[in-house]
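A.B. asks: Chains as they are written, first to last, in the UniProt record's numbering: chain A, 1 to 265; chain B, 1 to 490; chain C, 1 to 444.
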Amino acid sequence: MNDMRLIDRKTTMNEIKIAAEGVDVFYGESHALKDVSVDIEERTVTAFIGPSGCGKSTFLRCLNRMNDTIPTARVTGRITLDGEDIYAPSVDPVQLRAKVGMVFQKPNPFPKSIYDNVAYGPRIHGLSRNKAELDEIVENSLRRAALWDEAKDRLAEPGTGLSGGQQQRLCIARAVATAPEVLLMDEPCSALDPIATAQVEELIDELRQNFSVVIVTHSMQQAARVSQKTAFFHLGHLVEYDDTDTIFQNPRDTRTESYITGRIG
Amino acid sequence: MPTTWLILAIAALAALGFVAGRARAMTSAGGDARRLHSLPAYYGWNVALTVLTPALGLFVLWMLVQPFLVDRHVTGLIPDSAIGQGSSRGLVMSDVRRVAEGLSVLEARGADADDIAAMTPEALQDEMAAVGVALGTPMTPAVKAAAEAYRAETDGWRTWMGVAVLAAALGGLALSWRMTDKDFRARNTVERGILFMLLGAALVAILTTLGIVLSMLFETANFFEAYPWQKFFLGTNWAPDFRGNSELAILPLLWGTLYISLIALLVAVPIGLFAAIYLSEYATKRVRTLAKPAIEILAGIPTIVYGLFALITVGPMLRDWLAQPLGFGNSSSSVMTAGLVMGIMLIPFVSSLSDDIINAVPQSLRDGSYGLGATQSETIKQVIVPAALPGIVGAILLAASRAIGETMIVVLGAGAAAAQFNQGLGEVVNPFQAMTTITVKIVSQLTGDTDFSSPETLVAFALGLTLFVITLGLNVLALWIVRRYREQYE
Amino acid sequence: MTDMTAGAAPVRGTLVADAHTRKRNASEKRFRLYGAIAVSLAVIALVFLLTSIVRNGAGAFMQTYISLDVTLDAAKLDKSGNRNPVEMAKVTTFGYAPLIKDAMASTIAANGIEIEGLDKPEDLISKEASAQMRDVVLANPELVGETRRFEFVADGRIDGYYKGRVTMQSAERDSNVTPAQLRFADALKEAGLLETRFNWNFITWPDASENRPEVSGLGVAILGSFYMMLIVLGLALPIGVAASIYLEEFAPRNRLTDLIEVNISNLAAVPSIVFGILGLAIFINFVGLPQSAPIVGGLVLTLMTLPTIIITTRASLTAVPPSIREAALGVGASKMQTVFHHVLPLAGPGIMTGTIIGLAQALGETAPLLLIGMVAFVREYPSAPPEGFFEPATALPVQVFNWTQRADPAFIERASGAIIVLLVFLFIMNAIAVVLRRRFERRW
């Protein structure tokens with residue numbers, strides 16, 4: 001583990017970006033998430049860890065209302081983004097998702113050119129007035145995703161032709177292009193090899209400058225490497241939420257300790 | 001019927017062989033089945049199959065070849081003088097066969113063979129008419145003689161066939177019975193035999209295609225001997241005339257076919273595609289469970305039903321409500337009628353294929369688009385449809401091939417008049433005009449009294465071959481596109 | 001922590017739809033509406049088609065009958081007087097027609113019916129009636145000399161009058177019926193001598209000639225279709241299953257196998273009319289099988305059905321998990337034994353379902369049968385198989401086509417009625433297939 005980073009970690013208090021209070025999620029009859037309350041800070045990487053089926057991905061999908069696309073899902077409780085209830089009837093999930101972007105487990109570039117992949121979000125949200133502005137957005141996004149140098153000469157080629165790690169960075173660029181305030185990442189490295197994983201992790205750390213990033217991960221090492229705050233989920237409950245250092249070095253709950261030390265999960 | 005008896009005899013021999021083979025195997029093992037290489041029944045089957053295969057094979061071969069040989073020989077017996085003006089050797093030969101058939105009927109009714117032989121042709125013809133065998137032309141002595149020869153030869157060869165087939169069966173029985181021994185690998189032999197039968201069944205598919213191609217190719221070649229191919233492919237007028245001087249150009253028919261298919265696709269593609277999208281992306285479970293089977297019912301309805309629907313409902317409706325008030329003519333069979341009804345028929349075809357194809361687009365692409373804040377329709381229009389486009393194109397090509405080959409709807413809904421290119425463009429593109437198609441003309445040229453030596457009949461085979469080539473091309477292209485599309489997401 | 005956001009609630013939510021999003025949402029609604037319209041159009045087309053057929057065809061199952069007391073005059077029917085059926089057969093149907101005419105006249109007198117301008121009252125009765133009466137008399141010679149009540153089929157126009165097809169106005173312009181005859185029919189109805197009721201004869205009687213729609217039926221066509229289905233079942237099922245077993249379980253990956261596969265998928269999409277040409281050229285002209293015979297129709301439909309059966313059978317064979325095969329092979333069964341003892345029985349229900357669906361397709365197929373002479377006018381029932389396979393017959397869908405080609409509008413009603421019969425058969429077959437699938441479907 002990268003001990004240097006653990007020590008260097010800055011733990012200054014940031015503003016609250018997303019606040020969740022008493023969130024429950026049901027998939028049909030099954031109660032997937034039970035009474036979860038969490039505050040996610042601005043310009044911070046927050047990691048959700050826990051064994052498979054613990055509800056961490058479910059909770060992540062609540063934050064941009066991706067659960068709406070599953071007909072049987074039902075969400076109760078209150079989640080606010082900058083103090084605004086995102087489940088209020090007046091809220092348009094389409095506009096919410098433009099502010100809360102998402103990157104998925106498996107790289108899923110659209111079967112379009114690299115350029116069109118990145119330009120997709122700005123186009124549907126009407127973020128650019130002309131071609132030049134769009135070009136600029138695409139370039140900036142690709143630069144932020146650390147893909148510009150590799151992709152600048154092949155913007156017209158299909159995104160599906162890139163390598164796995166490049167595809168995932170393209171998906172990150174695509175998410176960044178809509179100028180979100182929060183970036184949700186659902187196990188973004190689970191389909192990648194170690195080198196690509198390292199590149200993406202480095203990228204996450206840089207993204208922290210502008211966004212608040214929430215990452216679901218299976219790997220405790222990854223959580224420890226990239227996050228400042230960590231939440232541990234178990235069987236649908238949020239067991240413990242604290243600074244990453246505290247969780248990993250001094251957990252309060254015995255379940256957290258068992259998971260960290262590899263006895264459950 | 002001696003043929004029935006022959007088959008029964010072979011079956012009996014096979015059954016006998018089964019019992020005998022099984023018994024011999026058991027004896028050779030001293031009554032202990034465990035000492036045999038295979039289960040006792042396999043020895044029985046081995047003998048039975050060895051009896052059946054050569055005997056039945058010979059039987060089928062003989063039945064196919066014999067009529068040829070007899071025909072060729074008897075045709076040679078007919079003197080040139082017996083072939084009347086305007087007739088041909090082929091026509092006389094069909095009379096001969098008919099008379100021979102009548103002779104059999106008479107004898108079956110108990111008429112004395114010597115009496116018949118002594119009858120004049122005229123008397124014989126009356127006698128036959130009384131038992132229901134009517135002849136088109138007066139019977140000549142030559143025809144009567146040829147018919148008698150035909151019958152004698154057929155009967156003679158039949159007897160020989162019986163002998164040969166029975167000999168083959170007995171030979172098989174003797175050979176396999178001798179082979180039967182406790183160390184004989186009966187199971188392997190039987191299984192190899194069955195494997196060949198399975199292969200034979202699979203080859204039926206190739207034989208069918210071969211049959212289709214050959215049957216049309218030969219007659220098409222005959223057609224092009226009687227009618228120049230340049231005029232068929234490049235002419236602009238369709239006016240068959242059984243007295244000669246026909247104009248048999250495919251272009252007017254091809255135009256009608258394509259025009260009707262185009263209208264059908266204009267109806268079916270948007271409706272089918274939107275229905276597929278709605279049902280797979282939007283519809284609630286209840287709507288889906290009701291609407292999906294309803295659309296599938298459309299696919300199960302025979303085309304004759306659509307044809308009748310076009311004839312009695314859609315055609316008159318279009319004529320009374322659209323064509324006549326707008327002054328487009330007053331024909332109830334029209335391009336529009338046939339196209340509209342064919343479009344309805346194709347809706348389930350387009351929608352179910354598109355449905356499969358849309359569902360093959362991975363969920364991750366949908367999630368990716370929703371995650372960026374796209375609405376559902378934006379996701380469909382900009383991600384799903386472009387991703388599924390090759391597959392959808394394939395589905396449309398398959399639907400087009402269906403439309404081009406469809407027969408009953410156009411027979412009943414489109415009319416029999418070929419497009420008249422010399423009447424000006426207005427007549428040719430008027431969708432409320434009756435217009436015929438390739439398939440309609442195949443039906444009309446091949447039904448009723450047909451004479452397989454006139455170009456007016458033979459043209460149907462050339463039309464059929466053209467149709468086959470066009471639809472085959474479309475199918476191969478469509479299947480190739482769809483397969484490539486599926487591989488992309490596997 | 002939470003109090004940091006308190007009191008900072010924005011006046012207007014930034015997440016609430018702005019103008020651009022509202023436009024996008026409107027386009028979303030429109031798109032959704034197009035989809036709903038498309039589905040509705042398809043469903044409306046189905047409903048419209050079915051109701052149009054039922055509305056046009058329901059009448060075919062009803063028939064108007066007229067009861068008359070006919071005196072079977074011995075002087076006319078049996079001149080020799082010894083009731084010998086062979087001699088009586090010399091009296092043709094023309095000899096019976098006057099009896100009906102007389103019976104009609106006496107009925108008019110007995111019921112005191114007076115209709116102005118009534119001409120040829122016997123035309124109310126089908127021209128087939130004398131033939132039917134002759135059949136009854138020849139079968140029962142002892143009836144001659146008696147007066148007996150016969151129930152005759154009414155003429156197609158009179159029948160049409162009670163089904164709304166013929167009206168007083170149309171009768172004015174019709175050479176086959178006069179308004180006076182219609183009024184006479186009404187008088188007969190009042191006297192209880194005329195009634196319209198269910199018509200079993202439509203299912204059982206054979207076809208009838210051009211101007212006797214009222215006595216035409218589907219008997220021969222149903223029998224012909226049934227024979228063809230027997231042939232298709234007897235040939236397509238074993239060949240299709242054998243071919244599927246070969247391709248799925250034994251075929252090596254080579255050129256020949258590829259060729260077979262390509263052929264099967266292409267045959268499934270060859271236009272049906274082409275199969276008709278094949279039947280005509282190969283089975284009739286080359287092999288010399290008789291025209292209009294169920295055997296030829298059956299063979300052609302077999303070839304058309306094979307791809308369907310092969311495709312569904314292969315799907316049910318692949319659905320049997322490899323573990324079953326491994327288990328059988330593991331106890332030392334041969335490959336052939338594994339397939340026939342384990343895989344095939346487990347795939348059975350799927351194969352049956354596919355076969356029934358294939359048969360249903362074949363039952364509705366028309367175009368190829370037109371080319372092999374099944375359009376012929378056949379009034380004789382074919383005899384029992386196997387001879388019946390070689391005798392002329394028609395088929396249900398072809399009978400429909402045949403009737404559409406006739407001038408009398410009564411045949412349109414008959415054609416629609418025949419379609420209803422055809423659809424009922426198809427419905428039953430598909431229902432059986434669905435039930436089989438539900439009952440025996442196995443989830444691995």
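Backbone N, C-alpha and C fix where the C-beta goes; we use that ideal spot for every residue, glycine too.
#1: Looking at the C-beta of Ile-312/B, does it have a partner C-beta in chain C at a distance below 8 Å?
#2: In the DSSP assignment, find the unbroken beta strand (DSSP E) run with Lys-34/A in it and report its ends.
#3: Please check the pair Pro-206/C and Gly-224/C, which I expect to be a contact at CB under 8 Å, by giving their CB distance rounded to whole angstroms.
#4: Per DSSP, which one or two residues make a beta bridge with Lys-229/A?
#5: If contacts are defined as beta-carbon pairs under 8 Å, then Phe-340/C and Pro-213/C qualify, I think. What distance do you get, rounded to the angstrom?
#6: Cutting at 7 Å between CB atoms, please list the residues of its own chain near Ser-190/A, excluding the five before and the five after it.
#7: Residues of chain C with CB closer than 7 Å to the CB of Ile-86/A, please, in chain order.
#8: Let me see if you follow: with CB-CB separation under 8 Å, is Arg-24/C close to chain A or not?
#9: Would residue 445/C count as contacting chain A if we go by Cβ distances under 8 Å?
#10: Would you tell me roughly how many angstroms separate the C-alpha atoms of Phe-309/B and Thr-50/B, rounded to the nearest one?
#11: When you compare the CB of Ala-478/B with every CB in chain A, is at least one pair closer than 8 Å?
#12: Please confirm if Lys-10/A has its CB atom under 8 Å from at least one CB of chain C.
#13: What separation, rounded to the nearest whole angstrom, lies between the Cα atoms of Thr-244/A and Glu-257/A?
#14: By how many angstroms is the C-alpha of Pro-390/B removed from the C-alpha of Leu-96/A?
#15: Given this structure, state the Cα-to-Cα distance separating Gly-193/B from Cys-171/A, to the nearest angstrom.
#16: By the 10 Å Cβ neighbour count, where 16 or more other Cβ atoms means buried, how is Arg-12/C classified, buried or exposed?
#17: As a quick exercise: from Ala-268/C, Lys-189/C, Ser-416/C, Thr-196/C, pick the residue whose alpha carbon is nearest that of Ser-52/C.
#18: Taking the alpha carbon of Lys-231/B as the reference point, which residue from Glu-219/B, Asn-245/B, Ser-364/B has its own alpha carbon closest?
#19: I'd like to know if the stretch 57 to 64 of chain A and the stretch 180 to 195 of chain A are in contact, where contact means that at least 3 CB-CB pairs between them fall below 8 Å.
#20: Using beta carbons (cut-off 8 Å, strictly below), is Ala-154/C in contact with chain B?
#21: Output needed in chain order: residues of the stretch 349 to 371 of chain B with a Cβ under 7 Å from some Cβ in chain A.
#22: So with CB distances below 9 Å, who are the chain A contacts of Thr-313/C?
#23: According to the Cβ coordinates, are Asp-355/B and Leu-279/B closer than 8 Å?
#24: Check the Cβ of Met-216/B against every Cβ in chain C and list those closer than 9 Å, keeping chain order.
#25: How should Leu-68/C be labelled, buried or exposed, when 16 other C-beta atoms within 10 angstroms of its C-beta is the threshold for buried?
#26: Closer than 8 Å between beta carbons: that is the criterion. Which residues of the stretch 375 to 387 of chain B meet it against chain A?
#27: Could you run through the stretch 17 to 51 of chain C and flag, in chain order, every residue whose CB is less than 8 Å away from some CB of chain A?
#28: Do Gly-413/B and Gly-315/B have their beta-carbon atoms positioned less than 8 Å apart in this structure?
#29: Threshold first: 4 residues or longer. Then list the alpha helix (DSSP H) segments lying entirely within the stretch 50 to 120 of chain C, N to C.
#30: Just curious, the beta strand (DSSP E) that residue 269/A is in, first and last residue?
#31: Should Asn-250/A be labelled buried (16 or more other beta-carbon atoms within 10 Å of its own) or exposed?
#32: Rounded C-beta distance between Thr-64/C and Asp-159/C? I'm assuming under 8 Å.
#33: Hey, would you say Leu-133/C sits closer than 8 Å to Tyr-96/C, going by beta carbons?
#34: For a test of the three-state rule: what should DSSP assign to Ser-364/B, helix, strand or coil?
#35: At which residues does the alpha helix (DSSP H) containing Val-197/B begin and terminate?
#36: Roughly how many angstroms separate the alpha carbons of Leu-233/C and Ala-201/B, rounded to a whole number?
C.D. replies: Straight from the coordinates:
#1: Locating residue 312/B in the second sequence gives position 312, where the first residue counts as 1. Output row for Ile-312/B: interface = yes.
#2: To locate residue 34/A, count along the first sequence from 1; it is residue 34. Unbroken beta strand (DSSP E) run through Lys-34/A: 30 to 41.
#3: Residue 206/C sits at position 206 when you count from the first residue of the third sequence. Residue 224/C sits at position 224 when you count from the first residue of the third sequence. So it is not a contact: roughly 10 Å between Cβ atoms.
#4: Counting from 1 along the first sequence, the entry for residue 229/A is found at position 229. Looking at the DSSP assignment, Lys-229/A forms a beta bridge with Thr-46/A, Asp-243/A.
#5: Taking the third sequence and counting its residues from 1, the one referred to as residue 340/C is at position 340. Taking the third sequence and counting its residues from 1, the one referred to as residue 213/C is at position 213. Their Cβ separation, rounded to whole angstroms, is 53 Å, which puts Phe-340/C and Pro-213/C out of contact at 8 Å.
#6: To locate residue 190/A, count along the first sequence from 1; it is residue 190. Contacts found: Gln-105, His-218.
#7: What you label residue 86/A is simply residue 86 of the first sequence in a count that begins at 1. Those within 7 Å of Ile-86/A in chain C are Leu-15.
#8: To locate residue 24/C, count along the third sequence from 1; it is residue 24. Yes, contact with chain A.
#9: With chain C covering 1 to 444 only, the question about residue 445/C has no answer from this structure.
#10: The residue you call residue 309/B lines up with position 309 of the second sequence. The residue you call residue 50/B lines up with position 50 of the second sequence. Going by the C-alpha atoms only, they are around 55 Å apart.
#11: As a working mapping, residue 478/B is identified with position 478 in the second sequence. No, Ala-478/B lies away from the interface with chain A (no Cβ there is under 8 Å from its Cβ).
#12: Here residue 10/A corresponds to residue number 10 of the first sequence, with the count starting at 1. Low confidence applies to Lys-10/A: its pLDDT is 49, below 50, so where it sits in the model is not reliable, and the reading given next is rough at best. Answer no: the Cβ-Cβ gap between Lys-10/A and chain C never drops below 8 Å.
#13: Counting from one through the first sequence, the residue named residue 244/A turns up at place 244. Counting from one through the first sequence, the residue named residue 257/A turns up at place 257. Roughly 13 Å between the two C-alpha positions.
#14: Numbered from 1 along the first sequence, position 96 holds the residue referred to as residue 96/A. Numbered from 1 along the second sequence, position 390 holds the residue referred to as residue 390/B. Roughly 33 Å separates the two Cα atoms.
#15: On the second sequence, position 193 is the one that residue 193/B refers to. On the first sequence, position 171 is the one that residue 171/A refers to. Those two C-alpha atoms are separated by around 59 Å.
#16: Counted from its first residue, the third sequence places residue 12/C at position 12. Because Arg-12/C sits at a pLDDT of 39, beneath the cut-off of 50, its placement in the model cannot be relied upon, and the point is left open.
#17: Counting from one through the third sequence, the residue named residue 52/C turns up at place 52. It is Ser-416/C whose Cα lies nearest to the Cα of Ser-52/C.
#18: Locating residue 231/B in the second sequence gives position 231, counting from the first residue. With distances taken between Cα atoms, Lys-231/B lies closest to Asn-245/B.
#19: yes
#20: Working through the third sequence from its first residue, we reach residue 154/C at position 154. For Ala-154/C, the answer is no, since every Cβ of chain B falls outside 8 Å of its Cβ.
#21: Ser-364, Leu-365, Asp-367, Gly-368, Tyr-370, Gly-371
#22: Here residue 313/C corresponds to residue number 313 of the third sequence, with the count starting at 1. Chain A residues near Thr-313/C: none, gap ~35 Å exceeds 9 Å.
#23: Here residue 355/B corresponds to residue number 355 of the second sequence, with the count starting at 1. Here residue 279/B corresponds to residue number 279 of the second sequence, with the count starting at 1. A contact, by the Cβ cut-off of 8 Å.
#24: The residue you call residue 216/B lines up with position 216 of the second sequence. Those within 9 Å of Met-216/B in chain C are Val-274, Ile-277, Leu-278, Ala-281.
#25: Counting from one through the third sequence, the residue named residue 68/C turns up at place 68. So Leu-68/C ends up on the buried side.
#26: Thr-375, Glu-378, Gln-382, Val-383, Pro-386, Ala-387
#27: Ala-17, Asp-18, His-20, Thr-21, Arg-24, Asn-25
#28: Translated into the one-based positions of the second sequence, residue 315/B becomes position 315. Translated into the one-based positions of the second sequence, residue 413/B becomes position 413. Yes; because the gap between Cβ atoms is below 8 Å, this pair is in contact.
#29: 74 to 77, 85 to 88, 93 to 111
#30: With chain A running from 1 to 265 in the structure shown, residue 269/A is simply not present.
#31: Within the first sequence, numbered from 1, the residue matching residue 250/A stands at position 250. Looking at its Cβ environment, which holds fewer than 16 other Cβ atoms inside 10 Å, Asn-250/A is exposed.
#32: The residue you call residue 64/C lines up with position 64 of the third sequence. The residue you call residue 159/C lines up with position 159 of the third sequence. Between Asp-159/C and Thr-64/C the Cβ distance is about 4 Å, and since that is below 8 Å, they are a contact.
#33: Position 133 of the third sequence holds residue 133/C. Position 96 of the third sequence holds residue 96/C. It should be pointed out that residue 133/C corresponds to Met in this sequence rather than to Leu. Contact: yes.
#34: Here residue 364/B corresponds to residue number 364 of the second sequence, with the count starting at 1. Correct three-state label for Ser-364/B: helix.
#35: Position 197 of the second sequence, counted from the start, is the residue given in the question as residue 197/B. What sits at residue 197/B in the sequence shown is Met, not Val. From DSSP, the alpha helix (DSSP H) with Met-197/B extends over 186 to 226.
#36: Sequence index remark: in the third sequence, residue 233/C carries index 233 (1-based). Sequence index remark: in the second sequence, residue 201/B carries index 201 (1-based). So the alpha carbons of these two residues sit roughly 15 Å apart.
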